[in-house]
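Chemist:
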Amino acid sequence: MMTTTRRVVLTGSAAVATGAFLGTSEAQAQAQSRPEAKSKPTVVLVHGAFADASGWNDVSARLVRENYPVIAPANPLRGVASDSAYLASILATLSGPIVLAAHSYGGIVVTNAAVGNPNVKALVYVAAFAPDQGESLLELQTKFPGSRLNEAALDFRPYGDGLVDGYIKKEVFHDVFAGDVPRAATDLMQAGQRPADARTLGEPSGAPAWMTIPSYYLIARNDQVLPAAAQRFMAQRAGARVREVGASHVAMISQPTVTADLIKRATR
7 MMTTTRRVVL TGSAAVATGA FLGTSEAQAQ AQSRPEAKSK PTVVLVHGAF
57 ADASGWNDVS ARLVRENYPV IAPANPLRGV ASDSAYLASI LATLSGPIVL
107 AAHSYGGIVV TNAAVGNPNV KALVYVAAFA PDQGESLLEL QTKFPGSRLN
157 EAALDFRPYG DGLVDGYIKK EVFHDVFAGD VPRAATDLMQ AGQRPADART
207 LGEPSGAPAW MTIPSYYLIA RNDQVLPAAA QRFMAQRAGA RVREVGASHV
257 AMISQPTVTA DLIKRATR
């Protein structure tokens with residue numbers, strides 16, 4: 007029987023890491039300076055656990071080429087409440103309409119961070135958690151069978167005073183998290199992953215932004231982390247406009263065109 011500390015870390019994390027933040031690139035700056043870009047919503051891309059913003063790079067590139075203002079901030083991955091507050095503080099600095107797109111754990115962050123912000127016009131969930139009030143990620147991940155993310159798939163490393171971080175093991179990273187991404191890429195993603203604080207994924211969510219903000223959902227049919235059945239359940243409950251794709255948990259990496267197209271649809 008796994009301990010509570012370890013069980014809270016067994017949930018849908020983002021499965022990519024390493025790379026640069028494209029939102030600060032020269033191409034991004036040029037796109038934002040064009041007059042036509044100013045009429046489009048700012049797209050904010052939020053990564054999940056075991057990952058960084060580089061997982062959005064191919065999606066970002068497509069949006070930037072079409073003159074969308076894009077920002078892909080670092081998600082601290084330290085707790086639902088604190089991560090959501092951090093993202094909310096970033097959103098407060100943006101003027102004009104905003105579309106939030108989130109992957110995996112990032113879904114609970116946008117679900118909370120968007121509450122009360124009138125500039126947020128749409129939420130886009132990409133194989134992401136869209137919890138209702140009081141739900142935790144662990145609860146949703148285990149609601150339906152099919153997840154291959156379990157205690158044996160993780161390494162645990164203590165830090166601070168009795169705190170624990172979880173990391174995905176190299177030997178399972180590819181097959182469980184990113185089975186449709188080349189191994190050469192997933193080896194780098196695993197090596198540079200950011201950990202999930204073991205306390206984070208058992209935290210209850212607050213009132214959901216999807217209750218009042220239109221939502222879209224990209225369901226990854228071959229997801230081995232967050233079962234497709236759970237994704238369908240959350241999407242239907244939120245009244246989201248849904249698209250399904252044959253992809254692993256990291257649909258934004260293996261299917262960037264499909265992902266970007268859904269985000270663009272949400273901006274209209």
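Under my numbering, the residue at position 87 of the sequence shown is numbered 93, and the numbers go up by one with no gaps. Ideal Cβ positions, reconstructed from N, Cα and C, are used throughout, including at glycine. Bear in mind the structure is a predicted one, so any value in this text is a computation, not a measurement.
1. Cα-Cα, which of Pro220, Met240 and Leu51 is closest to Val70?
2. Short of 8 Å in beta carbon distance, which residues of its chain neighbour Pro201, apart from the five on each side in sequence? Order them along the chain.
3. Out of Val132, Gly166 and Arg189, which one is the CA nearest neighbour of Glu177?
4. With distances taken from CA atoms, which of Leu100, Asp267 and Ala244 is nearest Ala134?
5. Under 8 Å, do Ser221 and Ile114 count as touching if we go by C-beta distance?
6. Measure the C-alpha to C-alpha separation of Gly128 and Leu232 and round it to an integer number of angstroms.
7. Hey, how far is the Cα of Gln215 from the Cα of Ser95?
8. Taking only three categories from DSSP, how would you classify Ala80?
9. Taking its Cβ as the centre, do 16 or more other Cβ atoms sit within 10 Å of Glu72, making it buried, or is it exposed?
10. For Ser254, which of Asp181, Gln242 and Gly208 has the nearest alpha-carbon?
11. Name the two residues that bound the continuous beta strand (DSSP E) containing Pro3.
12. May I ask you to report which of helix, strand or coil DSSP gives Ser221?
13. When the distance is taken between beta carbons, is Tyr223 closer than 8 Å to Tyr111?
14. Beta-carbon within less than 7 Å of Gly252's beta-carbon, same chain only, minus the 5 sequence neighbours each way: which residues are those?
15. Can you tell me which of the three DSSP states Arg243 falls into?
16. Rounded to whole angstroms, what's the CA-CA distance from Gln261 to Leu144? Just pull it up for me.
17. Write down the C-beta distance between Ala272 and Thr265 rounded to the nearest angstrom, noting that I regard them as a contact closer than 8 Å.
18. Is Glu250 helix, strand or coil when you go by DSSP?
Modeler: In short, the structure shows the following:
1. Here the closest residue by C-alpha is Leu51.
2. Excluding sequence neighbours, Pro201 sits near Ala55, Phe56, Leu83, Arg163, Asp171, Gly172 and Tyr173.
3. Selected option, being the one with the closest Cα: Arg189.
4. Ala244
5. No. Outside cutoff.
6. Correcting the residue identity first, residue 128 is Ala in this sequence and not Gly. Going from the Cα of Ala128 to the Cα of Leu232 covers about 22 Å.
7. Reading off the sequence shown, one finds Ala at residue 215, where the question assumed Gln. Between Ala215 and Ser95, the C-alpha separation is close to 16 Å.
8. coil
9. exposed
10. Asp181
11. What the structure shows of the chain is the stretch from 7 to 274, and residue 3 is not part of that stretch, so it cannot be assessed.
12. strand
13. no
14. Arg227 and Asn228
15. Helix, per DSSP.
16. 26 Å
17. About 11 Å separates the two Cβ atoms, so there is no contact after all.
18. strand
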